[in-house]
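First the structure, in the form of structure tokens, and then the observations on it.
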Amino acid sequence: MDAKDEKRFNLALQINNFKASLVEFNKLVEQTTAQKKEERAGLFIPKEDAIDYDKFYTSVQQIFGPEVKNQDVKCFYRKLCNNPDASFDWCEIFGYFSTDEDSFTSQMDEENLVFLVSRKQRIVISGSRRRDVIKCIVKVPQLDLLITASQKGLITVFNSQMRVQTSTNVTDTSWITGCDYLGQLKRIVATTERTIIVWDYKAQGSSQEHYFVIKPMDHCLLCVCVVPMPDQLCRDDILLGDDGGFVNRFTVNSDDFGLRQAKTKKKLQTQVLDSKNFKSVKRKLHNDWVMKIRYIPALNCFGSCSLDSVHSLVLESLRRLEDNLPVREFAMPRGANSFCYCVKANVIVTGGDDKVLRLWHPNISTKPVGKLVGHMFSITEIVSNEKEQHVISLSSAKVFRVWDIQTLSVLQVFHDSQGGPGDMQIYSMVYDANHGMLITGSGVIDMYPLTRMIQDTKQVPHTHEREVNVTLYNKYFHQVLTICSESIIKVWELETGLQIYQILDPHGFNIELTCATIDESGYLFATGAYNGTVKIWDFGSGQELKMMPEGKDWVEEEHGLLRLFFLKPQVKHQHLILALERNGTIKVIQGKEDDIFLTVVWELPNAMPYLQFGSHIVHLKMSTKERAMAIPFPDVELIVQKTVSQQTNYSPAVNMDVNCIDVFQTEGYNLIVSGTLNGMIILWNFIAATVKEIYRPEDCFSTDPDLDPKRFQINDIMFLFRSPECVRRSSQDSICSSTQCDSSKGPQSSKGSKQSIHDTEVKGEQTDMVGEQQSTSRKQPASISSVEPQPPLLVTAHEDGHLRVWTLEGKLLKDILPFTKHSAISLTSLYTDSCCRILLAGNVEGHVILCSISSFMDPPHDEKKFKQLLSWRAHSLEIIQVIYVEDKQLVLTASIDGSVRLWNATGGHYCGYFGQRRMFELTQTSDFILPCDVNEYPIEIKEESKFTEKKQKYEYPLIFDRERWKKMSSMALLFKRSPPNPFEVQHDLKFFKSLSSPKIRRYALEGFMTENREAGIVFGSLPIYRVPSPTSLRFLPLIGSEAQRDSVEGVLVKKKGAHGHERSRRRSMKRNLVPQINLASSFFPTTPK
431 MDAKDEKRFN LALQINNFKA SLVEFNKLVE QTTAQKKEER AGLFIPKEDA IDYDKFYTSV
491 QQIFGPEVKN QDVKCFYRKL CNNPDASFDW CEIFGYFSTD EDSFTSQMDE ENLVFLVSRK
551 QRIVISGSRR RDVIKCIVKV PQLDLLITAS QKGLITVFNS QMRVQTSTNV TDTSWITGCD
611 YLGQLKRIVA TTERTIIVWD YKAQGSSQEH YFVIKPMDHC LLCVCVVPMP DQLCRDDILL
671 GDDGGFVNRF TVNSDDFGLR QAKTKKKLQT QVLDSKNFKS VKRKLHNDWV MKIRYIPALN
731 CFGSCSLDSV HSLVLESLRR LEDNLPVREF AMPRGANSFC YCVKANVIVT GGDDKVLRLW
791 HPNISTKPVG KLVGHMFSIT EIVSNEKEQH VISLSSAKVF RVWDIQTLSV LQVFHDSQGG
851 PGDMQIYSMV YDANHGMLIT GSGVIDMYPL TRMIQDTKQV PHTHEREVNV TLYNKYFHQV
911 LTICSESIIK VWELETGLQI YQILDPHGFN IELTCATIDE SGYLFATGAY NGTVKIWDFG
971 SGQELKMMPE GKDWVEEEHG LLRLFFLKPQ VKHQHLILAL ERNGTIKVIQ GKEDDIFLTV
1031 VWELPNAMPY LQFGSHIVHL KMSTKERAMA IPFPDVELIV QKTVSQQTNY SPAVNMDVNC
1091 IDVFQTEGYN LIVSGTLNGM IILWNFIAAT VKEIYRPEDC FSTDPDLDPK RFQINDIMFL
1151 FRSPECVRRS SQDSICSSTQ CDSSKGPQSS KGSKQSIHDT EVKGEQTDMV GEQQSTSRKQ
1211 PASISSVEPQ PPLLVTAHED GHLRVWTLEG KLLKDILPFT KHSAISLTSL YTDSCCRILL
1271 AGNVEGHVIL CSISSFMDPP HDEKKFKQLL SWRAHSLEII QVIYVEDKQL VLTASIDGSV
1331 RLWNATGGHY CGYFGQRRMF ELTQTSDFIL PCDVNEYPIE IKEESKFTEK KQKYEYPLIF
1391 DRERWKKMSS MALLFKRSPP NPFEVQHDLK FFKSLSSPKI RRYALEGFMT ENREAGIVFG
1451 SLPIYRVPSP TSLRFLPLIG SEAQRDSVEG VLVKKKGAHG HERSRRRSMK RNLVPQINLA
1511 SSFFPTTPK
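Going by our numbering, the letters in the sequence shown line up with residues 431 to 1519, in that order.
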């Protein structure tokens, strides 16, 4: 009894202690909630006892003990910070979250289904006969065609948009049982109960209705399939299954149809061919009807299923049809109505009247490896979705079931409830992998789209409800941070697209965030607002660490922040942020370890007034004062020369504020570069103690009401620098490529390697420098370690749409107008990878431009090696940020349309958007889809190799060669007046030996590419040709001139009273035409009188 009492006492004590702990926990939550509400309202005054996450976590551990997990406390605290007015339950601190939604309901939500039944499309075949049904549907993936055959003889071909391309009516007394596409003969084959129909669907005019009929057949044909044989030309093999259990192999050639059609004098609609004239073999493999026959290229064999319970499925090679050797047989009760093969899972799925789906290994016929049970009626059709690893089965009651072939679980069940009692049966079903569509044929054609296809193509992508202001990528956490104009911070997982957490009103209620940055370690990120406040956050938990409050005397939006950069701290546990304000001020904000407030410790003086008045360079005076905390920039003062005369020929209305900056700090360099609204590029060099003007457009200080005031604006600027590690790596790659150490990888596509976009430049360089690299390959390894990095370059994105690359001295290396659908589109954002191999740019119309700069970065910076590879439209509105993910070759784009989208960099394929219900599939890029607001396909820029020569494959007709004529003709022959005999021409004149092929110059016209692309994509790309001035015209030999002269002299004899000037004109004409040859008498001999 004492032990029981002690247990009861301990239990009561524990309950009382836990109740007391709950009371203390509720008090802690109330204090934290009150503090968060005050912070949101801007009324909270920071105190020493303020509750942050560390204090909250310590208090929770003191209340409930050390067993509380840090992850659960973080989730609870994050929920508390995001929505202090929400209701909380104490069990959430232990990781148990209550929900009002039914788990089954959420699982079966429409967005999570495989096929979106509500978006079903129905096509009624026009002109179909009464009570006709679709008996067979075949998808031709290589041509993106869909072929349907109705029971009463209507064969229809649909294009990729499901529009009727062509059709024909087969006038036969028996019904059609199946159809397929002849890949080599480019025709359609269909089977009726007693005949084989071959139809040329590409014929035009009256021949479109013509087809061939092959008969007679021994048994009633029930199914047909074509054996794909790409190595055989003009020949196709057809497999036929009949009601006698036979499998027939029928061989047809192009000569069997083309020659016979040419010999017929009268074209009839049907031409009957004797089946005995065709090569065919058959073998009885089943004891009942052959229900389905398919050829499986992956297994190099065919399969046929039957209602036979013993020989239900036969899987063998085509050679077994010619002998009597045993075959692989799969037995199942009541036979099989249909089957399909899954290549990736390497299983065969069968289904029949026993309502069970069986999974078979191709080499194990004794026992199935799995069973799928759930159908209540006989299974009539089975198809597979190879990409998703799904199997779709159909029962006679029009019930569809979608199965996961890997987990053997059912994913979706839906029923086709439309149609009357006579339309109950579905006779055919096929899965269209090109468009993600399940197509069925009954009295009509029904198409069920995949849910992800509707989500990706129909739904408008939206990551935020408002336009996106900032997008950043944390390469260490593989997470994406997005901020919208409504000041909501969201953090997403890159691989899946799932949201991790969000922060509402991080700088206070109704305060818009305008910029952000992530430090090098990836553990911190900083945000800046339009009122000038700055905060530092913990990236993993979303907890606020430090802040810089708004100044008391600040004018609204004057100190609004445009850019933020984390600087390398000189001391541990110190944070330094370089900030650009809206008024053009550049300053450094410092955060100490033991202080929660951020302070401004350095500010850059304004050099624009001195550069504006003619000085292209201003020297700096470095301060020697020691600071309490070290920062990477010294205190500087401008050394102004008094002799500089101020120019007054500028307009005060010109905005000269700094619009964008970039910072570059490495060994030997300490630089800040800025781009202004009037197009100037200013470089601050703290090593050389100078600030100089790199570029100034003409008339940038004057205003013209007829021109756009923003025409010179620089929207983004960035340093391009290749570190010694990248130089060493690229040198090793070039040596490896020159010595063919990667020859085992095989040749790459001419479009550029889809495996790595960084190899594009290396391939182009191999053909140019193979000999040079081979000759110096032995010397290269010794000098790799001593490679010195080159000075950084500058790249600017301009309002006029140009992309320009500069040296630090101000020399323009490259000026390119990116190739898009429309020219001269303002560029808004720039991004490059860590080794400066590619350059990304975004513009105001939503285009992404991808350029290869790997070879361009090597001196002497040949502008021809700056190549644009790809361009695609990612958004319908302006892109504010474009980011390249190196390790996964992905591109992130953020736009003012409120969406952040993910693309494949190698081809511009759309992967999805952050905020969608479906998780990302980054490894699968076979389905090319576009968002609903984009209808432009990517443009891939190709360049032909200079070593490829276009060889002339045709010959020109012979023309008269004057030079050969002069060499082969003698003077006596040229001035011979008496007409020669007809048969002396080839001996005397040798006219035909003077004929030769025309001399086509190898470079007939000199062409060059125009640099002015304002004309657009078509006219701006056309080459301009310079035609050399034509030579003086020379008269060709006049045939029959001798006879003409005789006739003229005869006229002059008869007309003695002719005028003198007329006689002189004819004489001058004769002098100009000498020497002349009379060939008329040779070709047209005169008859003797």
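Glycine included, every Cβ here is placed at the ideal spot set by N, Cα and C.
Quick check on this structure: which residue in the options has the alpha carbon closest to the alpha carbon of residue i?
i: Glu-950; options: Lys-998, Gly-938, Ile-913; result: Lys-998
i: Gly-1098; options: Val-1018, Asp-1092, Leu-1113, Pro-1219; result: Pro-1219
i: Pro-1064; options: Cys-1090, Phe-1094, Met-1086, Glu-1033; result: Glu-1033
i: Gln-465; options: Ala-450, Ile-481, Ser-451; result: Ile-481
i: Glu-1316; options: Ile-1268, Gly-1345, Tyr-1040; result: Ile-1268
i: Thr-622; options: Glu-1351, Val-711, Thr-603, Val-757; result: Thr-603
i: His-1588; options: Ser-915, Thr-601, Ala-633, Trp-922; result: Because the chain spans 431 through 1519 in this model, residue 1588 falls outside it and cannot be assessed.
i: Glu-988; options: Phe-588, Ser-847, Ser-705, Asn-1013; result: Asn-1013
i: Arg-552; options: Met-592, Thr-1258, Ile-585, Met-647; result: Met-592
i: Pro-514; options: Asp-935, Leu-546, Ile-1069; result: Asp-935
i: Gly-1337; options: Val-1321, Phe-1344, Val-720, Arg-1347; result: Val-1321
Who are the Cβ neighbours of residue i in its own chain at under 6 Å, not counting the five residues just before and after it?
i: Gln-1004; result: none
i: Met-1148; result: Asp-1092, Val-1225, Leu-1260
i: Glu-916; result: Arg-896
i: His-894; result: Cys-914, Gly-1328
i: Thr-1262; result: Leu-1269
i: Ser-684; result: Leu-615, Cys-664
At what residues does the beta strand (DSSP E) containing residue i begin and finish?
i: Val-900; result: 898-904
i: Gly-671; result: 665-672
i: Glu-942; result: No beta strand (DSSP E) holds Glu-942; DSSP gives it neither H nor E.
i: Lys-477; result: No beta strand (DSSP E) contains Lys-477, which DSSP labels as neither H nor E.
i: Gln-819; result: Looking at the DSSP string, Gln-819 is not in any beta strand (DSSP E), and its letter there is neither H nor E.
i: Phe-588; result: 584-588
Apart from the five residues just before and just after residue i, which ones in its own chain have a Cβ nearer than 8 Å to its Cβ?
i: Cys-770; result: Arg-724, Ile-778, Val-779, Ile-812, Val-813, Ser-814, Val-821
i: Val-773; result: Ala-728, Glu-816
i: Cys-1090; result: Leu-992, Arg-993, Leu-1010, Ser-1104, Gly-1105, Ile-1144, Asn-1145, Asp-1146, Ile-1147
i: Cys-1048; result: In the sequence as presented, Cys is not what sits at residue 1048; that position holds Val. Counting only Cβ-Cβ distances below 8 Å, and skipping sequence neighbours, we find Ala-1037, Tyr-1040, Leu-1041, Leu-1068, Ile-1069, Val-1070, Thr-1120, Val-1121, Lys-1122.
i: Phe-518; result: Val-459, Phe-506, Lys-509, Leu-510
Taking only three categories from DSSP, how would you classify residue i?
i: Ala-450; result: helix
i: Gln-614; result: coil
i: Ala-442; result: helix
i: Gln-1004; result: coil
i: Asp-876; result: strand
i: Ala-959; result: strand
i: Met-1038; result: helix
i: Trp-520; result: helix
i: Cys-1341; result: strand
i: Gln-595; result: strand
i: Val-656; result: strand
i: Asp-1245; result: strand
i: Tyr-857; result: coil
i: Leu-576; result: strand
i: Asn-815; result: strand
i: Phe-534; result: Unreliable positioning characterises Phe-534 in this predicted model, as indicated by a pLDDT of 35, which lies under 50. The coordinate reading is nonetheless provided below. Residue state, collapsed to three classes: helix.
How far does the alpha helix (DSSP H) with residue i in it extend, from its first residue to its last?
i: Lys-1372; result: Neither: Lys-1372 is in no alpha helix (DSSP H) and is coded neither H nor E.
i: Lys-550; result: Neither: Lys-550 is in no alpha helix (DSSP H) and is coded neither H nor E.
i: Ser-489; result: 483-494
Please return the same chain residues whose Cβ sits closer than 7 Å to the Cβ of residue i, not counting the five positions on each side in sequence.
i: Tyr-611; result: Val-568, Val-570, Ile-577, Ile-618, Val-656
Taking only runs of the beta strand (DSSP E) that begin and end inside the region 723-785, which ones reach a length of at least 3 residues, in chain order?
731-736, 743-746, 758-760, 768-772, 777-781
What are the uninterrupted segments assigned as beta strand (DSSP E) that are 3 or more residues long and contained completely in the region 1287-1339, given in chain order?
1297-1303, 1309-1315, 1320-1325, 1330-1334
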